[in-house]
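Some notes on the structure that comes next.
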Amino acid sequence: MLKELSRREKEANIKPDPDIDIYMKAAALEGQEANVVTDYILKILGLEVCADTFVGDEMRRGISGGQKKRVTTGEMLVGPARALFMDEISTGLDTSTTFHIVNSLRQSIHILNGTALISLLQPAPETYDLFDDIVLLSDGHVVYQGPRENVLEFFEYMGFKCPERKGVADFLQEVTSRKDQEQYWARKDEPYSFISVMELAEAFQSFHIGQKLGDDLAVPFDKSKSHPAALTKDKYGVSKKELLKACVSREYLLMKRNLFVYVFKMIQLIFIGVITMTIFIRTEMHRDTITDGGIFMGALFFILIMIMFNGFAELAMTILKLPVFYKQRDLLFYPSWAYSLPALILKTPISILEVTVWVFMSYYVIGFDPDVGSFFKNYLVLLCLSQMASGLFRLMGGLGRNIIVANTCGSFALLTVLVMGGFILTRDDVKKWWKWGYWISPLMYAQNAIAVNEFLGKSWRHVPPNSTEPLGVLVMKSRGIFPEPHWYWIGVGALIGYCFLFNFLFTLALKYLDPFGKPQAVISKETLAERIASKTGENIELSSRGRDSSGESREEQVHHRDRCLGKLLVSMKLIKRGRGGWFFLLNPFL
1 MLKELSRREK
11 EANIKPDPDI
21 DIYMKAAALE
31 GQEANVVTDY
41 ILKILGLEVC
51 ADTFVGDEMR
61 RGISGGQKKR
71 VTTGEMLVGP
81 ARALFMDEIS
91 TGLDTSTTFH
101 IVNSLRQSIH
111 ILNGTALISL
121 LQPAPETYDL
131 FDDIVLLSDG
141 HVVYQGPREN
151 VLEFFEYMGF
161 KCPERKGVAD
171 FLQEVTSRKD
181 QEQYWARKDE
191 PYSFISVMEL
201 AEAFQSFHIG
211 QKLGDDLAVP
221 FDKSKSHPAA
231 LTKDKYGVSK
241 KELLKACVSR
251 EYLLMKRNLF
261 VYVFKMIQLI
271 FIGVITMTIF
281 IRTEMHRDTI
291 TDGGIFMGAL
301 FFILIMIMFN
311 GFAELAMTIL
321 KLPVFYKQRD
331 LLFYPSWAYS
341 LPALILKTPI
351 SILEVTVWVF
361 MSYYVIGFDP
371 DVGSFFKNYL
381 VLLCLSQMAS
391 GLFRLMGGLG
401 RNIIVANTCG
411 SFALLTVLVM
421 GGFILTRDDV
431 KKWWKWGYWI
441 SPLMYAQNAI
451 AVNEFLGKSW
461 RHVPPNSTEP
471 LGVLVMKSRG
481 IFPEPHWYWI
491 GVGALIGYCF
501 LFNFLFTLAL
511 KYLDPFGKPQ
521 AVISKETLAE
531 RIASKTGENI
541 ELSSRGRDSS
551 GESREEQVHH
561 RDRCLGKLLV
571 SMKLIKRGRG
581 GWFFLLNPFL
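Reading the sequence shown from the start, the letters are residues 1 to 590 in full-length UniProt numbering.
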């Protein structure tokens, strides 16, 4: 954009304003940690005082309600979007806060040459006066669309006058209502009769504002005057590389803010490691019988369980971040892969650190095979298992989308993996119809890999009396473990495959699943009948009996009501025109 602008300026021999030129060049810089547009939006919205403050949640106070509304607005303004659609942004805010927010939006829209459509609930007169243009919608009809200064002129043209002490926004809400319309009738020399929404909409077409609007819309846009670069065809505002860099930076920031969780997990791991070393201490661990091998097998299984449980925290952290993700995904901030990939990349060093601490603490103290090769192979299995567990619980969080559902799914998945892992039930004890569960359990491959690594070591190669096979092989066969050496690499490969599979499924869940509990409006029959009457000018009585005085059955009335419901459009909005103003769109039934 900057190159095209510079080219046109040179062709037209235009010397840009120095301040604007510096701003445009600073905004066009890529690869910067902070963009000048971000600082500019913070200043426009009055968020400089809380720029370094947490937004807050149920457990943290954070910034005020008005500041939260402005932060949400700022999220939209810093991006490339120039059309903003905001629904009832004043809900829960006082009049002063609403005025400041709308005033900030007005400044940013005018300065950045954007477009805004805003819904406000009963705006105060000073807030209403900030807007340049009004669109009045009632029951699916455009009653008025044009400059704010001419809206009262139109209704005076129709015979209605706003009282001096009456707010214009309140007047517009009530003038189309059957219940309130009569009080604004100004032609005392003429008898009043209710003017329906359809009649008002038809009259607007003959009003000079409506005629001008129709003439403008009748002229098609001249495509020859449009530059090919004026219409973007990219789904996202920046390149994939920049998206990934931004998401990695954000994930790193969130990890620093959640540092307590990772420190606590590490302390917990060290504490349990100390307990494990005292229970399975090497002075009490022997290698003489198959029973002794069973104790070593139990120690290995306990270590696998601990590494898996250590990844359970990913489920809760994933759930907590999903609301923000769903909002930003739907607003096309970034794709799901750009969100999930940084978690896999940045959580890997955490897994490496945790497994390193555990293995270096416990391996030789418990008395596993002293060979250095076996030590590092044991380390590799646990690292792959840790990554697999993190991916599994992230997937459970993405599928559950709710802390209760996700905890239930995660606990069930963990229970299934443990039962089918080959230790609680050996391969020979699993029923035939459950064999598929044994073969798809990630823990089974981890159990086989770590057992093969240990029991094929030098410490287990001696042959006990009355046997022709080494003790390690006998121990593995007694527990249903495959004794072949290649099963170590099969197990490692399976864990790596499951790690990528779970993270891939997590990405798909983020892309295609929506959050639970989207609200739906419920309209009573009486309210619906009133709206239909205001729209058409007809009285519709919903009696509890079979037929009313007109002879129309209740079922026919309900059918007529449902048919009209599809034509209702209930909203009160503000919209901005290309000349730098706003339209205020008002619905009397909000």
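Cβ coordinates follow ideal geometry from the N, Cα and C atoms, glycine included.
Quick check: the region 364-371 against the region 107-115, are at least 3 beta-carbon pairs closer than 8 Å?
Output reads no: the region 364-371 does not touch the region 107-115.
According to DSSP, is Arg-165 helix, strand or coil?
coil
Assuming Arg-394 contacts Glu-314 (C-beta within less than 8 Å), just tell me the rounded distance between them.
5 Å
Please state the DSSP three-state secondary structure of Tyr-339.
In this structure, DSSP gives Tyr-339 a helical state, which the three-state scheme calls helix.
Leaving out five residues on either side along the sequence, give the residues of the same chain with a beta carbon under 7 Å from the beta carbon of Gly-273.
Hits under 7 Å: Trp-358, Met-361 and Ser-362.
Rounded to a whole number of angstroms, what is the C-alpha to C-alpha distance between Leu-217 and Val-102?
29 Å
Burial state of Ala-12 (16 or more Cβ within 10 Å)
Looking at its Cβ environment, which holds fewer than 16 other Cβ atoms inside 10 Å, Ala-12 is exposed.
Name the residue from Lys-431, Val-473 and Pro-464 whose alpha carbon lies nearest to the alpha carbon of Ala-448.
The sequence shown places Asn at residue 448, not Ala. It is Val-473 whose Cα lies nearest to the Cα of Asn-448.
Please confirm whether Met-297 and Arg-61 have their CB atoms less than 8 Å apart.
no
Could you spell out where the beta strand (DSSP E) holding Val-49 opens and where it closes?
Run containing Val-49: none; DSSP gives neither H nor E here.
CA-CA distance, Lys-458 and Leu-300?
17 Å
Check whether the region 133-144 touches the region 85-105, taking contact to mean three or more Cβ pairs, one atom from each stretch, closer than 8 Å.
no
Using a Cβ-Cβ cut-off of 8 Å (strictly less than) and excluding sequence neighbours within five positions of Ser-411, which residues of its own chain qualify?
none
Could you give the DSSP three-state label for Phe-85: helix, strand or coil?
strand
Would Glu-354 pass as a contact of Met-266 if the rule is Cβ separation under 8 Å?
yes
Assigned secondary structure, Ser-155 (DSSP; H/G/I helix, E/B strand, else coil)
The amino acid occupying residue 155 in the given sequence is Phe; Ser does not appear at that position. Residue state, collapsed to three classes: helix.
Can you tell me the Cα-Cα spacing of Leu-117 and Arg-82, whole angstroms?
So the two alpha carbons sit approximately 11 Å from each other.
Beta strand (DSSP E) segment containing Tyr-144, residue limits:
141-147
Beta-carbon proximity list for Val-452, same chain, < 6 Å, skipping 5 on both sides:
Within the same chain, Val-452 has close Cβ partners Trp-487 and Tyr-488.
Looking at chain C, is there any beta carbon in it that lies within less than 8 Å of the beta carbon of Phe-506?
Given the protein chain composition of this structure (a single chain), no chain C is represented.
According to DSSP, Ser-226 sits in a beta bridge with which residue or residues?
BP columns for Ser-226 are empty, so no partner.
Neighbourhood of Leu-213 by C-beta distance below 7 Å, restricted to the same chain and skipping five residues each side
Gln-145 and Gly-146
Within a Cβ cutoff of 8 Å, which residues of the same chain sit near Tyr-262, ignoring the five residues on either side of it in sequence?
Closer than 8 Å at Cβ, skipping near neighbours: Met-255 and Ile-350.
If we ignore side chains and look at the alpha-carbon of each, how far apart do Ile-195 and Tyr-339 end up?
54 Å
Quick check on Glu-556: does DSSP put it in helix, strand or coil?
Any answer about Glu-556 is weak, because its pLDDT of 48 lies below 50 and its placement is not dependable; what the coordinates show is given next. In this structure, Glu-556 counts as helix in the three-state DSSP scheme.
Over the uninterrupted alpha helix (DSSP H) stretch that includes Ile-319, give me the two end residues.
313-330
Status (buried if at least 16 other CB within 10 Å, exposed otherwise) for Lys-10
exposed
Measuring straight from C-alpha to C-alpha, what distance separates Arg-401 and Phe-264?
Cα to Cα, the separation comes out at about 25 Å.
State the start and end residues of the unbroken alpha helix (DSSP H) segment that holds Ala-218.
For Ala-218, the uninterrupted alpha helix (DSSP H) run begins and ends at 208-218, by DSSP.
Can you give, in chain order, each stretch of the alpha helix (DSSP H) that sits fully within the region 468-522 and has at least 4 residues?
471-478 and 487-512
Considering only C-alpha positions, which residue in the set Ile-41, Gly-79 and Arg-70 is nearest to Val-238?
Gly-79
Distance between beta carbons of Tyr-326 and Cys-247, contact taken as under 8 Å:
So it is not a contact: roughly 15 Å between Cβ atoms.
Could you tell me if Trp-460 is buried or exposed, where buried requires 16 or more neighbouring beta carbons within 10 angstroms of its beta carbon?
Burial call: buried.
Hey, how far is the Cα of Trp-337 from the Cα of Thr-348?
17 Å
Tell me the rounded alpha-carbon separation between Ser-544 and Ala-316.
Low local confidence applies: a pLDDT of 41 at Ser-544 is under 50, so the model's placement there is unreliable, with the coordinate-based value given in what follows. Ser-544 and Ala-316 have their alpha carbons spaced roughly 51 Å apart.
Verify whether the separation of the beta carbon atoms of Ser-64 and Met-86 is less than 8 Å.
no
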